[in-house]
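What follows is one structure encoded as structure tokens, with my remarks underneath.
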Amino acid sequence: MHREDFGLAGEGEGIPQVNAREKVLGCAVYAGDMRLPRMLHARILRSPHAHARITGVDLTAALALPGVRVAVSGRDVPARAWGLSHKQQHVLARDTVRFVGEEVAALAADTPEIADAALDLIQISYEPLPALLDPADALTTGAPLVHAGSNLADEINIQRGDIDAGFAQADLIHEETYRTHSQYPGYMEPMATVAATDANGRLTVWTSTQSVFLARQRLAEALDRPVSSIRVIQATVGGGFGGKIVEERSSVIAAFLATRTDRPVRLGLTRIEDMLSGCLSVPETIRLRLGMRRDGTITAKEVEILADCGAFAGLAPDILIVSAMRSDNMQRIANIRTRARLVYTNTLPRGAFRGFGGTQMLFALNSHLATMAEKLDLDVFDVHRRNAIGPGDTTVHGWKIGSCALEACLTHVRKAIDWDAKRARPKGTGVLRRGLGVAAAMHVSGNRTIGNWDGATILLKVNEDGRAVILTGESDMGQGAFTMLTQICAKELGIPPAHVTVQAPDTDISPFSIGTLASRVTINAGAAMVKAARQARSQILAAAAEKYSHPEDDLEIADGMVRARGTGNLTVPLPEICRYHIFRHGGEGIIVSASHDPETVRMDAEHRGNIAPGYSFAAQAVEVEVDTETGQVRLIESWLADDCGVAINPLAVHGQSNGAAVQSLGWALYEEPRFEGGQLSNGNLADYTMATADAVPRLHSAIVDSFEPNGPLGAKGASETAILPGAPAIANAVYEAIGLRITDLPITPEKILAGLARAKGARDAAL
Amino acid sequence: MLPFDIATPGTLAEALALLDQYDEEACVFAGGTALVIALRQRMIAPRVVVSIGQLPGLSEITYSEAEGLRIGALARHAQIAASDPVRRHYPVLAQLFGGLANPQVRNQGTVGGNLCYADPATDPPSCLLALGAEVIIAGRMGQRRLPMRAFLVDFFTTALEPGEILAGIHIPPPQPGEHALYRRHLRTPAEHRPLANVALRFVAGPDGHSWKDVRLAIGAAVPVALPMDEAGRALTGRPITLAVAGEAAALVAERLEPISDSRGDAAFRTAVVRAAVRRIVAEAAGLDWTETT
Ligand SMILES: Cc1cc2nc3c(=O)[nH]c(=O)nc-3n(C[C@H](O)[C@H](O)[C@H](O)COP(=O)(O)OP(=O)(O)OC[C@H]3O[C@@H](n4cnc5c(N)ncnc54)[C@H](O)[C@@H]3O)c2cc1C
């Protein structure tokens, strides 16, 4: 495909989200808003222990309370385990609880108040077991076992080239250990589900999800029933950020309760419950050792990762792969040795989060590159550029880079923040010190994993009035998938976006799909959308050609009209042709189904292979101000540049980039789940403070000129890439401001003050 | 939340009678911003909640040159911030009440509820101390007055006796040449509650360079807001320089016995208080605190 094939020169149109109106008017229906006749209200009882054997369950008092319709514990749930690569979870904990907050019992009652009161009446007795709370202890002999066998959930070893030769060529070898912490996805809508069975026992589940088909698959496993006996309908989703892919646990419990009562059940979580039963991101300790030549060329990269998945593996093994090898592809490097291990602990399960393992490793790598550039007296941008992968390259792991505007991203942010002039200014001596930092990032657009397939199918109907309805299984969780599909469809069909409707995913109606993850929807579903719209267009044009005996290849659709291109003497309203098509095809309307599966491969056993049709890049430069008396870090300026190919909706991309900048700022400076004895001690948004409008200056985001040959209309994924560079850019800026290298996130005022005190102590001692 | 009855007395006397009747099982409900959280978390489980929100005469704000300012206990934060006499004669209070918490809490929470709950992580107490405020307490036996200093006892504890209701706050009229400043420190921008705060009140001496009647008070970082008399003395009767500001800050830091918890340990809170004192003194003297001493 070539750029000229598409009318879009550089950018699409920045239209507001197609579902913005319903949200701002308050009429969007979230799962928690639903009310069905005879609906019950569910509540969950959670484990107070980090690790214990369940020795007794007594539900009688709860069941005796008038208005309570069902109460269940792990003894009542199917024996079949659910999970991804590791099948190890049940609807409720069966014999053992493995973290504080694990679901041990659930009930449903006529009113929320009765359900609350009944929860107090459930009696569970436990025999506490030694708990493993620190991942660093997980692999020591005698450590408590979270699951039978070993605490090692996964291990990845990767070798490329000759690591020893690589280090031997280096003029500088630098080693450091970095620590990253968990982040809560912090979406506005805590999980909510309504589930109901019909007279035949078939189950319908309305829930907040990033993937209805993965949700259905998991429900089938957890409830041990056929896939097709379940229908999952995506309600409006108030944000997901990875947490609503497939690891949250409450929708499973709601569905199980519905099957036990044969009455509709609503389960809406409070914020604390959502923090306990969703998933936080995976914390990692990363030891990084890099060899570099005097000119900045990286000669060797040695990585050791210890990651903590909490009590269950979930998606964490897939995240571990990303941490272990994705950043290698951003640079032209040859000699690599990586060992990454994932361990269980008796803490909350950790898993998918926007960036999917990229944030952790890119914090380490970008911090490292800034440090080494300084040591070698090199410009950090030059170091990035010297090693940067480029278009047409095949990376060390076999990734085929189509478009790549990483250098353009770097150049843009350098200029935009006025890097050179600001770096040249004299160092301050006052209480407030300013510094600049930059970081670069790479992410996938799509990822061929599940079932050696990364395809997408779009079902498109063009109605008798020439307006279109799109059926898709890809979820819009607020990121803009429906708007993207609408725009592509409108453009390809030649109708206004207002004439296109996207139906929310529904497993009974939508085509099968993977869902919203791995930044795959625009590049894959968008490509299927192009195909479907073109197929529909040619059906329409064929019908028009037949009706008016006009050569088909001279016809086009524009502004809702079928027109002759050459002569211009034929102009027919689209509805007329659509009706004609129905009448001439025995009543068959224009219904097309188009699938697109990118030409990618699944990673082989050695973690090689081109897994994604496109790769996205980003860079971010920030200026911070450090208050040396209070330790506070303030963001002064932020410039982010995103290479997402052609932006189909630049307005949406800017929204995603700015949101990502805020979320990465929160991770870098403020957000830290704290645990006491395995118990989350700041499980509310007053104590777990996220970045708010007060925390950020005016944010700038740019979309650099780029065209992805494998993407629909030149597009690839946006939004996940943009969260990756924020934290290391801030850490690098803090270093430039006060000479303090923070290697363990978050960058708290205490760490700043302690670091400054250490530096002062060292200075004083030297006098 | 556990079930309870709600009583809506029409007069202060009725309210006091209800408190007397139900004793330990009753509690007062003003704006409810603190109480509802406590009820929902089941930290308290009263049988009767006595709503005083409708009581007449307890939300007025009045000022006279002779008497000073009287703020009814039921005055809401936003109401105080917008009040004419407050803005004219005590701009520091207008700024404080207009800047605490968030708009929802400011529109719903009352100053009486704030003081009676005695959560350390609040704004008004230190500033009221510095302004020399007294509280007016109503009981079945009549009214009594207490200086702020005596009213604040400990974490979540005041000098209110069971069955008493806080009726209002009294602040003496400002003296000629009186200045007052208040500064709060938040750990992160998303936090509404202060981690530490400091209030400073003084009367500028005739020379314009030195101060007298200096009162400095620290809040939020300590279990109850505290007057810092020694630091106040150190700021009295001498020209204020950055070095003097630093000296006062050091005196406060030395004496401070701060709260140590997950929002900030003792050392961190001390560092913040020290910075806050240095800055407020420098600002009051028109000096640039961003310069290091
Ligand atoms: C999100 C949030 C942020 C906040 N941030 C801040 C902040 O930044 N700074 C700050 O200073 N405060 C802050 N607060 C606290 C807030 O100011 C108080 O919750 C509020 O002032 C309490 O007033 P109320 O009328 O709602 O009290 P209520 O909740 O009705 O009562 C609180 C307590 O006081 C008792 N009480 C109330 N009135 C009387 C009375 N007249 N006599 C005797 N007892 C009485 C009640 O029995 C109860 O125990 C915050 C609160 C919230 C919820």
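Chains as they are written, first to last, in the numbering used here: chain A, 131 to 897; chain B, 997 to 1289. All C-beta atoms, glycine included, are put in the ideal place defined by N, C-alpha and C.
Original post:
Going along chain B, which residues have a C-beta under 8 angstroms from residue 804 of chain A?
Top reply: Numbered from 1 along the first sequence, position 674 holds the residue referred to as residue 804 of chain A. Neighbours of residue 804 of chain A on chain B, chain order: 1258.
Subject >> Inter-residue Cα distance where the pair is residue 491 of chain A and residue 251 of chain A >> reply: Within the first sequence, residue 491 of chain A is the residue found at index 361, counting from 1. Within the first sequence, residue 251 of chain A is the residue found at index 121, counting from 1. Each residue's Cα considered, the two are about 46 angstroms apart.
**OP:** Count the other C-beta atoms from every protein chain shown that fall within 10 angstroms of the C-beta of residue 319 of chain A, then say buried if there are 16 or more, exposed otherwise.
**Re:** Counting from one through the first sequence, the residue named residue 319 of chain A turns up at place 189. Flag for residue 319 of chain A reads buried.
**OP:** With 8 angstroms as the threshold, decide whether the Cβ of residue 820 of chain A is near any Cβ in chain B.
**Re:** Taking the first sequence and counting its residues from 1, one reaches residue 820 of chain A at position 690. At least one chain B Cβ lies under 8 angstroms of residue 820 of chain A.
Subject >> Outcome for residue 496 of chain A when other beta-carbon atoms lying within 10 angstroms are tallied against a minimum of 16 >> reply: One-based indexing of the first sequence puts residue 496 of chain A at position 366. It is buried - the Cβ of residue 496 of chain A has at least 16 other Cβ atoms within 10 Å.
Subject >> is_contact[residue 897 of chain A, chain B] using C-beta, thresh 8 angstroms >> reply: Here residue 897 of chain A corresponds to residue number 767 of the first sequence, with the count starting at 1. Residue 897 of chain A does not count as touching chain B.
**OP:** Report the neighbours of residue 615 of chain A on chain B: residues whose CB is nearer than 9 angstroms to its CB, in chain order.
**Re:** Translated into positions along the first sequence, residue 615 of chain A becomes position 485. Within chain B, no residue comes near residue 615 of chain A; the closest Cβ sits about 35 angstroms away, beyond 9 angstroms.
Original post:
So what does DSSP say about residue 845 of chain A, is it helix, strand or coil?
Top reply: Here residue 845 of chain A corresponds to residue number 715 of the first sequence, with the count starting at 1. Reduced to three states, the DSSP call for residue 845 of chain A is strand.
Original post:
Are the C-beta of residue 474 of chain A and some C-beta of chain B separated by less than 8 angstroms?
Top reply: For the purposes of this step, residue 474 of chain A is taken as residue 344 along the first sequence, with counting starting at 1. No, no contact with chain B.
Original post:
When you compare only the Cα positions, how much space is there between residue 893 of chain A and residue 833 of chain A?
Top reply: For the purposes of this step, residue 893 of chain A is taken as residue 763 along the first sequence, with counting starting at 1. For the purposes of this step, residue 833 of chain A is taken as residue 703 along the first sequence, with counting starting at 1. Cα to Cα, the separation comes out at about 45 angstroms.
Original post:
What first and last residue would you give for the alpha helix (DSSP H) that runs through residue 342 of chain A?
Top reply: Residue mapping note: residue 342 of chain A aligns to position 212 of the first sequence, counting from 1. Per DSSP, residue 342 of chain A belongs to the alpha helix (DSSP H) from 342-352.
Original post:
CB residue 1177 of chain B to CB residue 1218 of chain B, shorter than 8 angstroms?
Top reply: Translated into the one-based positions of the second sequence, residue 1177 of chain B becomes position 181. Translated into the one-based positions of the second sequence, residue 1218 of chain B becomes position 222. Their beta carbons are not under 8 angstroms apart, which means residue 1177 of chain B does not touch residue 1218 of chain B by this criterion.
Original post:
With a CB to CB cut of under 7 angstroms and the five nearest residues on each side skipped, what residues in its chain are close to residue 888 of chain A?
Top reply: Translated into the one-based positions of the first sequence, residue 888 of chain A becomes position 758. Result list for residue 888 of chain A: empty, nothing under 7 angstroms.
Original post:
How long is the line joining the alpha carbons of residue 1108 of chain B and residue 1051 of chain B, rounded to whole angstroms?
Top reply: Here residue 1108 of chain B corresponds to residue number 112 of the second sequence, with the count starting at 1. Here residue 1051 of chain B corresponds to residue number 55 of the second sequence, with the count starting at 1. If you take the alpha carbons of residue 1108 of chain B and residue 1051 of chain B, they lie about 13 angstroms apart.
Subject >> Rounded Cβ spacing between residue 860 of chain A and residue 564 of chain A (contact assumed at less than 8 angstroms) >> reply: Within the first sequence, the letter at position 730 stands for residue 860 of chain A. Within the first sequence, the letter at position 434 stands for residue 564 of chain A. Not really, about 13 angstroms apart at Cβ, beyond 8 angstroms.
**OP:** Give the straight-line distance between the Cα atoms of residue 1172 of chain B and residue 1061 of chain B, rounded to the nearest whole angstrom.
**Re:** Numbered from 1 along the second sequence, position 176 holds the residue referred to as residue 1172 of chain B. Numbered from 1 along the second sequence, position 65 holds the residue referred to as residue 1061 of chain B. Whole-angstrom Cα-Cα distance: 12 angstroms.
Original post:
Span of the beta strand (DSSP E) holding residue 747 of chain A?
Top reply: In the first sequence, the residue the question calls residue 747 of chain A occupies position 617. Run containing residue 747 of chain A: 744-757, per the beta strand (DSSP E) assignment.
Original post:
In chain B, which residues lie with their C-beta within 8 angstroms of the C-beta of residue 560 of chain A?
Top reply: Within the first sequence, numbered from 1, the residue matching residue 560 of chain A stands at position 430. What residue 560 of chain A touches in chain B: 1286, 1287, 1288.
Subject >> Under 8 angstroms (Cβ pairs) to chain A, residues found in the region 1000-1023 of chain B >> reply: none
Original post:
Taking 7 angstroms as the cut-off, is the CB of residue 983 of chain B close to at least one heavy atom of ligand 1?
Top reply: Residue 983 of chain B lies beyond the stretch modelled for chain B, which goes from 997 to 1289, so this question has no answer here.
Subject >> Option nearest residue 415 of chain A by Cα separation, candidates A/217, A/434, A/422 >> reply: Residue 415 of chain A sits at position 285 when you count from the first residue of the first sequence. Looking at the Cα atoms, A/434 is the closest of the given residues.
Original post:
Who are the near neighbours of residue 719 of chain A in its chain, counting only those whose CB is closer than 8 angstroms to its CB and skipping five residues on each side?
Top reply: Here the question's residue 719 of chain A lines up with position 589 in the first sequence. If we look at residue 719 of chain A and ignore the five residues flanking it on each side, its Cβ neighbours are 591, 592, 593, 594, 708, 711, 712.
**OP:** Rounded to whole angstroms, what's the CA-CA distance from residue 125 of chain A to residue 1124 of chain B? Just pull it up for me.
**Re:** Residue coverage of chain A in this structure runs from 131 to 897, which leaves residue 125 of chain A outside it and unanswerable.
Original post:
Does the beta carbon of residue 880 of chain A sit closer than 8 angstroms to a beta carbon anywhere in chain B?
Top reply: Counting from one through the first sequence, the residue named residue 880 of chain A turns up at place 750. Yes, its Cβ sits closer than 8 angstroms to a Cβ of chain B.
Subject >> Environment of residue 132 of chain A [buried if 16+ CB atoms lie within 10 Å] >> reply: To locate residue 132 of chain A, count along the first sequence from 1; it is residue 2. Since pLDDT at residue 132 of chain A reaches only 37, below the 50 mark, its modelled position is unreliable, and no value is offered.
Subject >> Sheet register partners of residue 336 of chain A (DSSP bridge) >> reply: To locate residue 336 of chain A, count along the first sequence from 1; it is residue 206. Bridge partners of residue 336 of chain A: A/324, A/363.
Subject >> 6 angstroms CB neighbourhood of residue 1194 of chain B in its chain, flanking five on each side removed >> reply: Here residue 1194 of chain B is taken as the residue at index 198 of the second sequence, counted from 1. Cβ within range, chain order: 1179, 1214, 1272, 1273, 1276.
Subject >> Classification of residue 639 of chain A by the beta-carbon crowding that lies within 10 angstroms, buried from 16 upward >> reply: In the first sequence, the residue the question calls residue 639 of chain A occupies position 509. Flag for residue 639 of chain A reads exposed.
**OP:** Under 7 angstroms between beta-carbons, which chain B residues line up against residue 800 of chain A? List them in chain order, please.
**Re:** Mapped onto the first sequence, residue 800 of chain A falls at position 670. Going along chain B in sequence order, the residues near residue 800 of chain A (Cβ under 7 angstroms) are 1184, 1186.
Original post:
With a cut-off of 8 angstroms, does the C-beta of residue 138 of chain A fall near any C-beta of chain B?
Top reply: Counting from one through the first sequence, the residue named residue 138 of chain A turns up at place 8. Any reading at residue 138 of chain A is ruled out, since the residue's pLDDT is 38, under 50, leaving its predicted position unreliable.
Original post:
Is residue 198 of chain A near ligand 1, in the sense that its beta carbon is under 7 angstroms from a heavy atom of that ligand?
Top reply: In the first sequence, residue 198 of chain A corresponds to position 68, counting from 1. The answer is no for residue 198 of chain A.
Original post:
Can you give, in chain order, each stretch of the alpha helix (DSSP H) that sits fully within the region 511-582 of chain A and has at least 4 residues?
Top reply: 536-546, 549-554
Original post:
From residue 1054 of chain B to residue 1104 of chain B, what does the alpha carbon distance come to, in whole angstroms?
Top reply: Locating residue 1054 of chain B in the second sequence gives position 58, counting from the first residue. Locating residue 1104 of chain B in the second sequence gives position 108, counting from the first residue. Approximately 15 angstroms between the Cα atoms of the pair.
Original post:
Between which two residues does the alpha helix (DSSP H) containing residue 865 of chain A stretch?
Top reply: Numbered from 1 along the first sequence, position 735 holds the residue referred to as residue 865 of chain A. Per DSSP, residue 865 of chain A belongs to the alpha helix (DSSP H) from 856-868.
Original post:
Is it buried or exposed for residue 814 of chain A, if we count other Cβ within 10 angstroms and need 16 for buried?
Top reply: Counting from 1 along the first sequence, the entry for residue 814 of chain A is found at position 684. The residue is exposed, with fewer than 16 neighbouring Cβ atoms inside 10 Å.
**OP:** At 7 angstroms on the CB atoms, spell out the chain B contacts of residue 824 of chain A, in chain order.
**Re:** Your numbering for residue 824 of chain A matches position 694 in the first sequence. Here the neighbours are 1185.
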